Each structure stands twice: as C-alpha cells, then as structure tokens.
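In the working numbering, the protein residues as written are 13 to 112.
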Amino acid sequence: MTKKECIERIRAIERKCRGPLTEDALQMAAELQQQIATASDQEAEPLKRKLLRLRAESRYRRGCGYDFNKTIVENPWDGKTRQVKCPQCGVVTTYTAPVF
Ligand SMILES: [Zn+2]
Numbered sequence: 013m014t015k016k017e018c019i020e021r022i023r024a025i026e027r028k029c030r031g032p033l034t035e036d037a038l039q040m041a042a043e044l045q046q047q048i049a050t051a052s053d054q055e056a057e058p059l060k061r062k063l064l065r066l067r068a069e070s071r072y073r074r075g076c077g078y079d080f081n082k083t084i085v086e087n088p089w090d091g092k093t094r095q096v097k098c099p100q101c102g103v104v105t106t107y108t109a110p111v112f
C-alpha cells in the first residue's frame with residue numbers, strides 16, 4: 013500500500029473531536045463518581061457503565077470539530093495506543109495507531 017492509500021484508509025473513518033463535557037454532564041459525572049466511591053462492587057458496575065455512556069454521548073459535549081485524523085496521520089503507524097490532547101479544546105483522548 014502506498015502512503016497515500018494508507019492516509020485514505022485512515023481518513024475513511026471520520027474522527028472529529030466532540031469537545032469537553034458540558035457543565036451539566038460534569039456535575040452528573042462528579043455525582044456518579046461519588047456514588048461509585050461508596051458503592052459495593054455489585055452496585056458500582058451499573059454506575060460505571062452509566063458514567064462511560066455519559067462521557068461517550070455527543071449531547072453531553074460542547075462540540076469542537078477538530079479532525080483527529082490529522083494527528084493519526086502525523087504520528088507513527090505502529091499499532092501503539094496513544095493518549096493525545098486536542099490542539100483546539102484540550103480534551104484528552106486515546107486511540108490505537110493503525111499498522112499497514
Ligand atoms: Zn477538541
């Protein structure tokens with residue numbers, strides 16, 4: 013595969029930054045974390061799932077739009093998992109680099 017084809021494959025999936033959590037979502041996340049801290053293991057599991065869903069949902073995000081594919085194209089394609097910070101809004105996310 014040529015470098016151009018590799019880049020096309022990376023860009024075939026849209027990876028736009030959704031921005032930081034809204035104030036409401038930050039409040040809800042803090043409450044969930046408090047509940048998790050005092051819950052039994054069994055009680056904590058559904059709360060942890062709820063927290064993950066909260067962080068994943070676009071409606072709880074302020075929006076940003078930065079194209080994380082730019083970062084993925086620029087970094088090495090070595091299969092390593094990297095933590096990267098959005099240059100526009102500062103949100104930290106994780107991705108696994110492709111291998112070609
Ligand atoms: Zn961003």
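The beta-carbon is built from N, C-alpha and C at its ideal position, and this holds for glycine as well. Keep in mind that this is a model prediction, so the values were computed, not measured.
Where does residue i land, buried or exposed, given buried means 16+ other C-beta within 10 angstroms?
i, result
"Arg-21", "exposed"
"Ile-84", "buried"
"Gly-91", "exposed"
Return the first residue and the last residue of the beta strand (DSSP E) that residue i is part of.
i, result
"Thr-105", "104-108"
Is the distance from the Cβ of residue i to the Cβ of residue j below 8 Å?
i, j, result
"Ala-41", "Arg-67", "yes"
"Lys-62", "Leu-38", "no"
"Leu-64", "Gln-47", "no"
"Val-96", "Thr-105", "yes"
"Pro-88", "Ala-109", "yes"
On the DSSP letters alone, give me the boundaries of the alpha helix (DSSP H) that residue i sits inside.
i, result
"Gln-39", "35-50"
"Gln-100", "Element bounds for Gln-100: n/a, residue is neither H nor E."
"Cys-18", "15-23"
"Asp-53", "53-68"
"Leu-81", "Checking the sequence, you will find Asn at residue 81 rather than Leu. Taken as a continuous stretch (DSSP letters only), the alpha helix (DSSP H) holding Asn-81 covers 80-86."
Might you give, ordered along the chain, the residues of its own chain that have their beta carbon closer than 7 Å to the beta carbon of residue i, omitting 5 neighbours on each side?
i, result
"Cys-29", "Cys-76, Gly-77, Tyr-78, Phe-80, Cys-98, Gln-100, Cys-101, Val-103"
"Gly-31", "Arg-73, Arg-74, Gly-75, Cys-76, Cys-101, Val-103"
Starting from the C-beta of residue i, find all residues in its chain whose C-beta is less than 6 Å away, skip the five residues before and the five after it, and write them out in chain order.
i, result
"Glu-35", "none"
"Ile-19", "Val-85"
"Lys-82", "none"
Leaving out the 5 sequence neighbours to the left and right, which residues in its chain are closer than 8 Å to residue i when beta-carbon positions are compared?
i, result
"Ala-51", "Leu-59"
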